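To keep things clear, I will list the structure first and then write my remarks on it.
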Amino acid sequence: MEAASKLDVESIRADFPILRRKIGDKPLAYLDSAATSQKPAQVTDAMRRFTDHSNANISRSVHTLASEATEAYEGARAKVADFIGAISHDEVVFTKNSTESINLVAYAFQNAVAERGADPRFVLGPGDEVVVTEMEHHANLVPWQQLCLRTGATLRWIGITDTGRLDLEHLDEVINERTKVVSFVHVANLLGTVNPTSQIVARAKEVGALVGLDSSQAVPHLPVDVTELGVDFIAFTGHKMLGPTGIGVLWAKAELLDAMPPFLTGGSMIETVTMERTTFAKAPAKFEAGTPPVAEAVGLAAAVDYLAALGMDNVRAHEKELAAYMLERLETVDGLTVIGPRVPIGRGATVSFELDGVHPHDVGQVLDSEGVAVRVGHHCAKPTCVRFGVTATTRASGYVYTTTEEIDRLVSALEQVRKVFA
Amino acid sequence: MEAASKLDVESIRADFPILRRKIGDKPLAYLDSAATSQKPAQVTDAMRRFTDHSNANISRSVHTLASEATEAYEGARAKVADFIGAISHDEVVFTKNSTESINLVAYAFQNAVAERGADPRFVLGPGDEVVVTEMEHHANLVPWQQLCLRTGATLRWIGITDTGRLDLEHLDEVINERTKVVSFVHVANLLGTVNPTSQIVARAKEVGALVGLDSSQAVPHLPVDVTELGVDFIAFTGHKMLGPTGIGVLWAKAELLDAMPPFLTGGSMIETVTMERTTFAKAPAKFEAGTPPVAEAVGLAAAVDYLAALGMDNVRAHEKELAAYMLERLETVDGLTVIGPRVPIGRGATVSFELDGVHPHDVGQVLDSEGVAVRVGHHCAKPTCVRFGVTATTRASGYVYTTTEEIDRLVSALEQVRKVFA
Amino acid sequence: MNLDELYQEVILDHYKRPRGVGLREPYEGESHQVNPTCGDEITLRVHVEGGTVADVSYENVGCSISKASASVLYELVKGASVEDSLERLGEFTELMNSKGQGEGDEETLEDAVAFAGVSKYPMRVKCALLGWMAFKDALVRAEAAVPTPGGGAEQ
Amino acid sequence: MNLDELYQEVILDHYKRPRGVGLREPYEGESHQVNPTCGDEITLRVHVEGGTVADVSYENVGCSISKASASVLYELVKGASVEDSLERLGEFTELMNSKGQGEGDEETLEDAVAFAGVSKYPMRVKCALLGWMAFKDALVRAEAAVPTPGGGAEQ
Ligand SMILES: Cc1ncc(COP(=O)(O)O)c(C=O)c1O
Ligand SMILES: Cc1ncc(COP(=O)(O)O)c(C=O)c1O
Chain R
107 MEAASKLDVE
117 SIRADFPILR
127 RKIGDKPLAY
137 LDSAATSQKP
147 AQVTDAMRRF
157 TDHSNANISR
167 SVHTLASEAT
177 EAYEGARAKV
187 ADFIGAISHD
197 EVVFTKNSTE
207 SINLVAYAFQ
217 NAVAERGADP
227 RFVLGPGDEV
237 VVTEMEHHAN
247 LVPWQQLCLR
257 TGATLRWIGI
267 TDTGRLDLEH
277 LDEVINERTK
287 VVSFVHVANL
297 LGTVNPTSQI
307 VARAKEVGAL
317 VGLDSSQAVP
327 HLPVDVTELG
337 VDFIAFTGHK
347 MLGPTGIGVL
357 WAKAELLDAM
367 PPFLTGGSMI
377 ETVTMERTTF
387 AKAPAKFEAG
397 TPPVAEAVGL
407 AAAVDYLAAL
417 GMDNVRAHEK
427 ELAAYMLERL
437 ETVDGLTVIG
447 PRVPIGRGAT
457 VSFELDGVHP
467 HDVGQVLDSE
477 GVAVRVGHHC
487 AKPTCVRFGV
497 TATTRASGYV
507 YTTTEEIDRL
517 VSALEQVRKV
527 FA
Chain B
107 MEAASKLDVE
117 SIRADFPILR
127 RKIGDKPLAY
137 LDSAATSQKP
147 AQVTDAMRRF
157 TDHSNANISR
167 SVHTLASEAT
177 EAYEGARAKV
187 ADFIGAISHD
197 EVVFTKNSTE
207 SINLVAYAFQ
217 NAVAERGADP
227 RFVLGPGDEV
237 VVTEMEHHAN
247 LVPWQQLCLR
257 TGATLRWIGI
267 TDTGRLDLEH
277 LDEVINERTK
287 VVSFVHVANL
297 LGTVNPTSQI
307 VARAKEVGAL
317 VGLDSSQAVP
327 HLPVDVTELG
337 VDFIAFTGHK
347 MLGPTGIGVL
357 WAKAELLDAM
367 PPFLTGGSMI
377 ETVTMERTTF
387 AKAPAKFEAG
397 TPPVAEAVGL
407 AAAVDYLAAL
417 GMDNVRAHEK
427 ELAAYMLERL
437 ETVDGLTVIG
447 PRVPIGRGAT
457 VSFELDGVHP
467 HDVGQVLDSE
477 GVAVRVGHHC
487 AKPTCVRFGV
497 TATTRASGYV
507 YTTTEEIDRL
517 VSALEQVRKV
527 FA
Chain C
92 MNLDELYQEV
102 ILDHYKRPRG
112 VGLREPYEGE
122 SHQVNPTCGD
132 EITLRVHVEG
142 GTVADVSYEN
152 VGCSISKASA
162 SVLYELVKGA
172 SVEDSLERLG
182 EFTELMNSKG
192 QGEGDEETLE
202 DAVAFAGVSK
212 YPMRVKCALL
222 GWMAFKDALV
232 RAEAAVPTPG
242 GGAEQ
Chain Z
92 MNLDELYQEV
102 ILDHYKRPRG
112 VGLREPYEGE
122 SHQVNPTCGD
132 EITLRVHVEG
142 GTVADVSYEN
152 VGCSISKASA
162 SVLYELVKGA
172 SVEDSLERLG
182 EFTELMNSKG
192 QGEGDEETLE
202 DAVAFAGVSK
212 YPMRVKCALL
222 GWMAFKDALV
232 RAEAAVPTPG
242 GGAEQ
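Below you can see the structure in the form of structure tokens.
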């Protein structure tokens with residue numbers, strides 16, 4: 107049913123200047139795209155063109171540059187909205203990263219508590235429950251923990267099976283009538299698991315809870331359609347999808363954005379201001395206080411164009427092949443244990459593993475000496491580490507520019523690791 | 107006492123590709139630097155070099171790119187800290203803009219209320235007072251208004267005199283024993299006033315209040331030394347000081363950052379995380395949740411280098427001359443009234459004005475047709491507008507690349523405005 | 092930039108001598124609209140009688156485009172049937188969103204076709220639409236007989 | 092990248108056969124340190140007797156650099172006067188912050204000079220310093236006789 111990879115990886119690679127970089131005398135094999143992706147020349151060129159030709163602050167003046175900048179910025183919003191199947195462009199809020207996007211939603215609950223006449227869906231207190239999973243990135247765990255701490259609500263979570271899948275056996279108990287919001291990871295950044303969403307979303311809806319996704323590792327790698335997903339909000343981040351740092355996205359249903367109290371306040375998000383009192387603009391402006399990341403939005407739009415031209419189905423197919431190849435080849439390494447799904451089904455091309463008796467720091471260091479860049483550590487998912495009884499893992503992750511030859515280099519470098527620490 | 111301008115404006119202009127832009131058939135005269143500054147090639151080049159050579163996520167891996175990226179990011183922090191005379195580099199927190207920086211401080215108070223064992227300086231409630239001024243940008247007004255709304259504290263403010271200066275006559279009454287924090291604008295973005303700080307800072311200290319500055323329009327234009335200023339925190343923003351969008355700065359005393367509860371939570375700001383509970387890293391990491399604006403920090407560092415090479419004393423001297431020239435020339439325009447200080451003392455090269463019988467939108471539009479880019483509107487300072495009985499103004503603002511010839515073009519374009527709307 | 096295209100004589104004329112200005116009684120619906128980016132405001136009332144827009148009255152603060160647009164609106168819809176006035180609203184909105192492509196039908200839009208040039212200036216489209224948004228809102232309120240906040244005391 | 096420079100034989104030896112490992116009684120100060128970027132941890136105790144570091148005992152989870160560094164620390168400071176041990180701490184910290192420029196004095200730092208190469212790797216400097224930070228903190232607690240959280244029950 108799945109099409110074979112239609113990506114022309116060699117010609118894609120030619121768009122990424124950094125892939126011609128050498129580490130010492132070895133060519134770079136960049137297997138750390140789950141931490142941040144590399145950027146094609148199309149993205150940096152678009153940003154440079156904007157800066158050198160149209161740079162201005164937006165929405166604030168009538169001069170030509172300001173008008174071009176505003177169109178570029180709003181054009182980027184439209185592009186991102188279309189990319190994820192949003193019904194309205196105004197459902198896309200630009201933030202600084204996924205982390206801010208999720209905090210924005212969590213603070214909507216916190217602020218609603220202190221607000222008169224707040225939408226009851228956001229008013230949280232003792233007896234109310236918030237649900238996450240055990241495989242969250244800290245970005246989708248700590249804000250909810252803090253929210254519960256500050257409001258007296260209770261945090262609950264869905265566990266993980268030994269094979270790195272969500273344990274949905276007790277779903278109906280974890281998500282119940284007391285649940286006010288469910289926020290869970292779409293694709294797990296440590297395990298590589300692609301979570302099926304429909305059952306959790308359905309259960310959340312059944313009990314009248316809001317439900318959202320941390321799609322930071324999903325939007326860059328899979329076709330994502332927010333309308334099909336049926337969720338209330340999703341968060342993702344520019345730098346993991348070929349775009350620049352400094353920009354993230356919160357998508358939420360228009361109706362929800364309207365109901366949420368503002369978060370950051372200041373310029374550009376107001377309707378009118380007196381010394382005594384402020385009324386607020388409509389979303390998305392309401393959530394974009396201050397000068398937004400204008401050049402970064404231009405870069406993100408170029409990244410979306412790039413991905414759309416490749417076709418997200420093709421991206422997904424390529425990464426399925428990569429995942430299968432990674433799992434197969436890594437299994438040949440003595441003493442290596444994959445943490446997370448071991449079959450290339452319902453998972454992305456992000457694979458964490460342990461190497462017997464060698465600390466991930468040391469693994470990463472030796473790999474680097476071979477030009478192979480992987481990430482080592484807890485990957486901002488300490489509870490997942492605890493669940494699998496490790497303090498850290500080594501993680502290799504691929505993207506549209508990743509070749510099987512780079513995986514081969516990873517595997518032989520791992521043999522090198524074993525030699526050094528024999 | 108003041109040195110005459112030592113800036114070689116023509117050679118500076120050569121560094122800014124956008125200044126060669128034409129608007130229609132007219133060369134661009136960019137007089138909107140108070141909204142956002144233009145960026146020299148040095149800044150865009152540095153960012154490009156970083157992206158094409160060293161791009162990686164920071165603080166998270168041991169590979170060469172990650173190590174280079176981390177050094178670049180922390181190097182930027184050091185540069186910014188030195189630029190403003192901070193005692194420790196760790197007193198600089200990177201945010202997304204000034205607005206976030208100020209919200210971060212305001213939320214420290216809001217969150218302290220909900221926290222057990224919070225530092226009493228941040229615990230706010232009914233009876234407590236927060237002080238701002240009537241000449242604030244919304245960024246330094248609305249967050250404090252919201253804070254008061256949510257905690258029951260009272261917002262008070264220092265008024266403005268008819269000549270656009272802070273009215274300090276009732277200072278001792280406005281700032282009193284109930285005052286917990288004073289936050290005021292260092293250089294006003296609508297009026298152009300450079301506020302003297304020592305008297306307000308001294309009074310705040312006297313009553314034991316925290317005191318901070320919105321230095322968004324100060325750091326780009328004057329020598330700023332946080333230690334000399336004697337304040338507890340300042341906020342500023344990259345895009346107004348030749349740097350990129352997507353990055354801002356909060357400087358605060360180390361001791362204060364330690365005492366403040368975290369704001370945005372997630373990755374990179376934690377010490378340890380379990381499903382039940384999180385402990386936090388030390389500042390500045392504590393306040394930098396998620397992937398920071400890494401490339402933007404590199405750009406900001408290049409901007410700081412650029413400004414430091416010019417010399418902030420020289421920048422200030424150049425702008426004093428510009429301000430004097432602007433005021434003198436604008437006075438020759440029939441029906442024009444300057445809003446703000448009319449003498450080039452204690453003010454920057456940002457001048458707001460009204461033109462009798464012509465709405466600022468129309469002024470701006472006609473100026474644009476002459477290639478002159480100014481900002482029109484309320485400049486995110488509606489209370490200042492109300493204070494001076496206008497709904498909007500036209501504002502011209504200069505920077506290091508601004509010439510007197512551009513001011514001349516502004517003045518003749520204003521004559522053109524009068525003709526169209528005669 | 093071609094200034095004349097934006098500031099057509101018709102527009103400058105309506106700006107300098109706005110028609111129908113002032114808040115009048117009776118009215119069934121009132122709307123207050125603000126352009127948050129520039130602070131421009133309008134308070135607008137509609138008086139509907141037997142399916143006809145019997146009067147449109149308003150007070151506003153704004154630029155030439157927003158003032159002229161309100162004046163043109165007054166001329167176009169006063170005395171028209173509610174149905175026709177909504178049709179004009181649709182046509183005018185479409186013209187404003189045409190990014191310089193539309194011309195507008197002079198038969199129906201009359202003086203309002205002078206705003207065709209404005210549609211090339213995205214920052215000014217909001218100015219031209221402010222009064223029309225107020226009209227639309229006021230009409231909805233009139234039809235629903237929604238009591239308006241401040242009962243006309245606003246402005 | 093020159094791997095051998097980082098992973099000197101001395102370091103690999105201490106890593107594979109760490110000296111002094113285990114938590115022992117008696118002790119006056121205990122410290123628990125975490126490297127937040129990688130999750131590595133150490134719990135370290137000091138036992139001070141008559142101005143001398145009579146024992147340093149520890150349990151740790153970490154990479155070769157952090158484990159070897161703790162082992163070297165044990166060898167260097169056990170039996171030394173508190174004053175000398177603080178001097179070693181200063182020297183070692185300086186060496187780690189030398190960005191590849193320092194060599195370290197073999198007279199005083201002994202095996203610890205093998206860490207000179209680590210100072211070229213900013214991401215690993217924290218690993219090398221983790222145990223030493225714990226030592227410094229434990230010593231402060233011992234001197235102040237500050238009761239330690241969890242009373243040794245931690246780890
Ligand atoms: C005085 C002042 N404060 C705050 C800001 C807000 O800065 P930013 O939009 O970068 O957050 C500005 C500029 O818009 C300003 O001029
Ligand atoms: C699953 C997941 N969620 C959230 C984040 C946070 O993204 P950012 O650091 O851009 O805020 C990441 C990446 O670090 C991630 O992988």
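Protein chains in written order, with our numbering: chain R, 107 to 528; chain B, 107 to 528; chain C, 92 to 246; chain Z, 92 to 246. By construction, the Cβ of each residue, glycine as well, lies at the ideal position given by its N, Cα and C atoms. In this text, all values refer to a predicted model and were calculated from it rather than measured experimentally.
query	result
Three or more C-beta pairs closer than 8 Å, one from the stretch 224-237 of chain Z and one from the stretch 96-108 of chain Z: is that the case here?	no
In its own chain, which residues sit with a C-beta less than 6 Å from the C-beta of K112 of chain B, not counting the 5 before and 5 after it?	N420
Report whether the distance from the Cβ of H345 of chain R to the nearest heavy atom of ligand 2 is below 7 Å.	yes
Shorter than 8 Å from the beta carbon of A172 of chain B to some beta carbon of chain E?	As a matter of chain content, chain E is missing from the structure shown, whose protein chains are R, B, C and Z.
Are the CB atoms of V526 of chain B and Y98 of chain C within a distance shorter than 8 Å?	yes
According to the neighbour-count rule (16 or more other Cβ atoms, all chains shown, within 10 Å of its Cβ), is E194 of chain Z buried or exposed?	exposed
So that I know if they touch, is there some Cβ in chain R lying closer than 8 Å to that of T285 of chain B?	no
My output table needs one value for A175 of chain R: the three-state DSSP class, helix, strand or coil.	helix
Determine the chain Z residues that contact V168 of chain B at a beta-carbon separation under 7 Å, and present them in chain order.	M214, R215
Measuring only from the beta carbon, is V291 of chain R closer than 7 Å to any heavy atom that is part of ligand 2?	yes
Check each candidate in R:T497, R:T285, R:V439 and name the one with the smallest Cα separation from F228 of chain R.	R:T285
Go ahead and label G373 of chain B buried or exposed: buried means 16 or more other beta carbons lie within 10 angstroms of its beta carbon, across all protein chains shown.	buried
Along chain R, in chain order, which residues have C-beta atoms closer than 9 Å to that of T184 of chain C?	Going along chain R, no residue has its Cβ under 9 Å from T184 of chain C, so there is no contact; the nearest lies around 17 Å.
Express the C-alpha separation of A498 of chain R and V211 of chain B in angstroms, rounding to a whole number.	34 Å
Could you check if K346 of chain B is buried or exposed, using at least 16 other CB atoms within 10 Å of its CB as the buried criterion?	buried
Check the Cβ of A498 of chain R against every Cβ in chain Z and list those closer than 8 Å, keeping chain order.	C129, G130, D131
Could one say the Cβ of T176 of chain R lies closer than 8 Å to chain C's Cβ atoms, at least one of them?	yes
What are the complete beta strand (DSSP E) segments, minimum 3 residues, inside the stretch 184-231 of chain B?	198-201
Looking only at its own chain, which residues have a Cβ that is under 6 Å from the Cβ of A109 of chain B, when we skip the five neighbours before and after it?	Its pLDDT being 46, under 50, A109 of chain B is placed unreliably in this model, and the value from its coordinates should be taken loosely. If we look at A109 of chain B and ignore the five residues flanking it on each side, its Cβ neighbours are A423.
Starting from P447 of chain R, find everything on chain B with Cβ-Cβ shorter than 8 Å and list it in chain order.	Those do not exist, as P447 of chain R stays about 21 Å from chain B at its closest Cβ, beyond 8 Å.
Just the C-alpha distance for G191 of chain B and Q192 of chain C, rounded to the nearest angstrom, thanks.	55 Å
V307 of chain R to T260 of chain R, Cα distance in whole Å?	20 Å
With three or more beta-carbon pairs closer than 8 Å as the criterion, would you say the stretch 489-503 of chain R touches the stretch 444-460 of chain R?	yes
Specify, as a first and last residue, the run of the beta strand (DSSP E) that S458 of chain R falls within.	456-461
Indicate whether C154 of chain C and H465 of chain B have their beta-carbon atoms separated by less than 8 Å.	yes
Cβ of C486 of chain R versus every heavy atom of ligand 2: is any distance shorter than 7 Å?	yes
Please give the ranges of any alpha helix (DSSP H) in the stretch 245-281 of chain B, keeping only runs that are unbroken, at least 4 residues long and fully inside the region.	248-257, 277-280
Does S210 of chain Z pass the burial test, meaning 16 or more other C-beta atoms within 10 Å, or should it be called exposed?	buried
At least one CB of chain Z closer than 8 Å to the CB of E377 of chain B: is that the case?	yes
I'd like to know whether the C-beta of S155 of chain C is nearer than 8 Å to at least one C-beta of chain B.	yes
How about V313 of chain R and N282 of chain R: are their beta carbons less than 8 Å apart?	yes
Please confirm whether any heavy atom of ligand 2 lies closer than 7 Å to the CB of D320 of chain R.	yes
Going residue by residue through the stretch 481-525 of chain R, where are the continuous alpha helix (DSSP H) segments of at least 4 residues, counting only ones entirely within it?	488-493
Checking 8 Å against the spacing of the C-beta atoms, do C45 of chain Z and H243 of chain R come in under that value?	Absent from the structure is residue 45 of chain Z, since the part of chain Z shown begins at 92 and ends at 246.
Can you tell me the Cα-Cα spacing of V562 of chain R and L436 of chain B, whole angstroms?	Since the first and last residues shown for chain R are 107 and 528, residue 562 of chain R lies out of range.
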